[in-house]
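Participant:
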Ligand SMILES: C[S@@+](CC[C@H](N)C(=O)[O-])C[C@H]1O[C@@H](n2cnc3c(N)ncnc32)[C@H](O)[C@@H]1O
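Residue numbers (this note's numbering): 140 to 406.
(1) Kindly confirm or deny that the segment 319 to 326 and the segment 342 to 355 touch, where touching means at least three C-beta pairs closer than 8 Å.
(2) Starting from the Cα of residue 253, find the closest Cα among 298, 220, 268, 165 and give me that residue.
(3) Identify every run of the beta strand (DSSP E) within the segment 146 to 206, keeping only runs that are complete inside it and at least 3 residues long; order them along the chain.
(4) Does the Cβ-Cβ distance between residue 222 and residue 400 come in under 7 Å?
(5) Hey, could you find the ends of the beta strand (DSSP E) residue 343 is sitting in?
(6) May I ask you to verify whether the segment 323 to 342 touches the segment 367 to 376, counting CB pairs closer than 8 Å and requiring at least 3?
(7) Along the chain, where does the beta strand (DSSP E) containing residue 318 start, and where does it finish?
(8) Answer yes or no: the CB of residue 304 versus the heavy atoms of ligand 1, is any distance below 6 Å?
(9) CA-CA distance, residue 247 and residue 272?
(10) Using 8 Å as the Cβ pair cut-off and three pairs as the minimum, do the segment 259 to 266 and the segment 296 to 313 touch?
(11) Whose C-alpha, out of 398, 404, 405, is nearest the C-alpha of residue 230?
(12) With a threshold of 7 Å on Cβ separation, who are the neighbours of residue 159 within its own chain once the five nearest residues in sequence on each side are excluded?
(13) State the Cα-Cα distance for the pair residue 144 and residue 306, rounded to the nearest angstrom.
(14) In whole angstroms, give me the CA-to-CA distance for residue 275 and residue 187.
(15) From the DSSP output, read off the bridge partner residues of residue 402.
(16) Of the choices 157, 258, 353, whose alpha-carbon is the least far from that of residue 208?
(17) Check whether the Cβ of residue 124 lies closer than 6 Å to any heavy atom of ligand 1, and answer yes or no.
(18) Identify whether residue 302 lies in helix, strand or coil by the three-state DSSP scheme.
(19) Quick one: residues in its chain with C-beta nearer than 8 Å to the C-beta of residue 171, no 5 flanking neighbours on either side, listed in chain order?
(20) Using the DSSP secondary-structure output, state which residues sit across from residue 273 in a beta bridge.
(21) Would you mind working out which of 339, 376, 344 sits nearest residue 352, comparing C-alpha positions?
(22) Since residue 278 sits in a beta bridge, which residues does DSSP pair it with?
(23) Is residue 144 helix, strand or coil by DSSP?
(24) Rounded to whole angstroms, what is the Cα-Cα separation between residue 226 and residue 284?
(25) What I want to know is whether the C-beta of residue 218 ends up closer than 6 Å to one or more non-hydrogen atoms of ligand 1.
(26) Verify the contact flag: residue 364, CB atom, against every heavy atom of ligand 1, threshold strictly below 6 Å.
(27) Determine whether the beta carbon atoms of residue 280 and residue 185 lie at a separation below 7 Å.
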């Protein structure tokens with residue numbers, strides 16, 4: 140397997156080559172990585188810490204992900220039934236996982252990046268269907284990344300977990316083969332910046348699988364979203380979201396809408 144090459148968060152022209160063992164979660168990896176210019180980043184139990192304690196400006200919604208109890212309960216108590224509860228349609232987590240595998244068609248050796256991974260559902264799903272690709276998943280919240288690492292280790296999935304910011308990706312232009320992002324676009328502080336970064340690092344012809352929430356059209360839905368907006372969560376009409384994708388340089392190749400839950404494959 141080829142090693143994953145990062146762009147140094149500090150020096151745009153410097154490479155950092157990740158030891159491939161970091162992704163093997165059966166063996167705890169502790170140490171550090173550095174660029175030739177000497178900027179160094181710790182690796183704690185396989186989690187690469189590129190932020191070095193410098194968490195960017197966050198919203199209230201983002202802050203909730205730093206609570207260890209949120210990370211522990213997130214997948215079992217919320218994620219497993221979230222699409223069905225939010226959309227009101229009979230669409231299980233298994234259906235979502237099948238859609239992800241079918242639309243993305245990951246091939247051996249490819250590098251797949253998950254943005255705002257929380258507990259790593261998407262990379263674990265893809266590893267199970269294509270274990271010969273390379274998976275890297277980022278999040279700002281260490282409690283989420285620790286839970287993601289633990290779940291992936293239990294399921295023997297090889298994934299590289301990184302504390303990094305989706306709005307400033309530590310990758311060179313066109314160095315990633317596919318990108319996934321489940322539900323995080325609504326939570327990013329600056330979603331357009333994250334989309335521009337995704338476009339920059341994704342190779343030409345590479346696919347971007349995105350699940351996000353649209354603006355509600357019912358009175359109760361609108362009221363609930365207004366309350367979430369106070370915490371920093373953003374919602375768009377379908378047209379406004381497509382405009383954002385276009386602005387960032389993407390075109391919509393596939394789409395599926397379930398109530399206010401929208402899936403798109405961007406290229
Ligand atoms: C809705 S959850 C994501 C769920 C996950 N993708 C899934 O499919 O289950 C949003 C996640 O994005 C992370 N996040 C928010 N802003 C981020 C940013 N700028 N960079 C990286 N991760 C971010 C949060 O910490 C949180 O874990």
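Quick reminder that beta carbons are idealized off the backbone N, C-alpha and C, glycines included.
Facilitator: To lay it out plainly:
(1) yes
(2) What you label residue 253 is simply residue 114 of the chain shown in a count that begins at 1. Among 298, 220, 268, 165, the Cα nearest to that of residue 253 is on 298.
(3) 154 to 156, 170 to 173, 179 to 183, 186 to 188
(4) Here residue 222 refers to the residue found at position 83 of the chain shown. Here residue 400 refers to the residue found at position 261 of the chain shown. Result yes, Cβ atoms of residue 222 and residue 400 sit closer than 7 Å.
(5) Against the chain shown, residue 343 aligns to sequence position 204. Where residue 343 is concerned, the enclosing beta strand (DSSP E) stretches over 341 to 352.
(6) yes
(7) Working through the chain shown from its first residue, we reach residue 318 at position 179. 315 to 321 is the extent of the beta strand (DSSP E) around residue 318.
(8) In the chain shown, the residue the question calls residue 304 occupies position 165. Yes, since a heavy atom of ligand 1 falls inside the 6 Å radius drawn around the Cβ of residue 304.
(9) Taking the chain shown and counting its residues from 1, one reaches residue 247 at position 108. Taking the chain shown and counting its residues from 1, one reaches residue 272 at position 133. Going from the Cα of residue 247 to the Cα of residue 272 covers about 5 Å.
(10) Between the segment 259 to 266 and the segment 296 to 313, the count of Cβ pairs shorter than 8 Å is three or higher; the stretches touch.
(11) If you number the chain shown from 1, residue 230 lands on position 91. Ranking the options by Cα distance to residue 230, first place goes to 398.
(12) Taking the chain shown and counting its residues from 1, the one referred to as residue 159 is at position 20. The residues are 140, 142.
(13) Walking along the chain shown from the start, residue 144 turns up at place 5. Walking along the chain shown from the start, residue 306 turns up at place 167. Taking the straight line joining both Cα atoms gives about 18 Å.
(14) Position 136 of the chain shown, counted from the start, is the residue given in the question as residue 275. Position 48 of the chain shown, counted from the start, is the residue given in the question as residue 187. Approximately 10 Å between the Cα atoms of the pair.
(15) Counted from its first residue, the chain shown places residue 402 at position 263. Residue 402 is bridged to 350, 395.
(16) Along the chain shown, read from residue 1 onward, the residue named residue 208 stands at position 69. Nearest of 157, 258, 353 to residue 208, Cα basis: 258.
(17) In the structure as shown, the chain starts at 140 and stops at 406, and residue 124 therefore has no counterpart that could be examined.
(18) Mapped onto the chain shown, residue 302 falls at position 163. If DSSP states are grouped into helix, strand and coil, residue 302 belongs with the strands.
(19) Position 32 of the chain shown holds residue 171. Sequence-distant partners of residue 171 (beyond 5 residues in either direction) whose C-beta falls short of 8 Å from its own C-beta, in its chain, are 179, 180, 181, 182.
(20) Position 134 of the chain shown, counting from 1, holds the residue named residue 273. Paired residues: 250.
(21) Here the question's residue 352 lines up with position 213 in the chain shown. That would be 376, whose Cα lies nearest to the Cα of residue 352.
(22) Taking the first residue of the chain shown as 1, we reach residue 278 at position 139. DSSP lists 302 as partners of residue 278.
(23) Indexing the chain shown from 1 puts residue 144 at position 5. If DSSP states are grouped into helix, strand and coil, residue 144 belongs with the strands.
(24) Taking the chain shown and counting its residues from 1, one reaches residue 226 at position 87. Taking the chain shown and counting its residues from 1, one reaches residue 284 at position 145. The straight-line gap from Cα to Cα measures roughly 27 Å.
(25) Start at 1 with the first residue of the chain shown, and residue 218 comes out as number 79. Checking every heavy atom of ligand 1 against the Cβ of residue 218, one is found closer than 6 Å.
(26) Within the chain shown, numbered from 1, the residue matching residue 364 stands at position 225. No, since every heavy atom of ligand 1 falls outside the 6 Å radius drawn around the Cβ of residue 364.
(27) Your numbering for residue 280 matches position 141 in the chain shown. Your numbering for residue 185 matches position 46 in the chain shown. No, they are not a contact pair.
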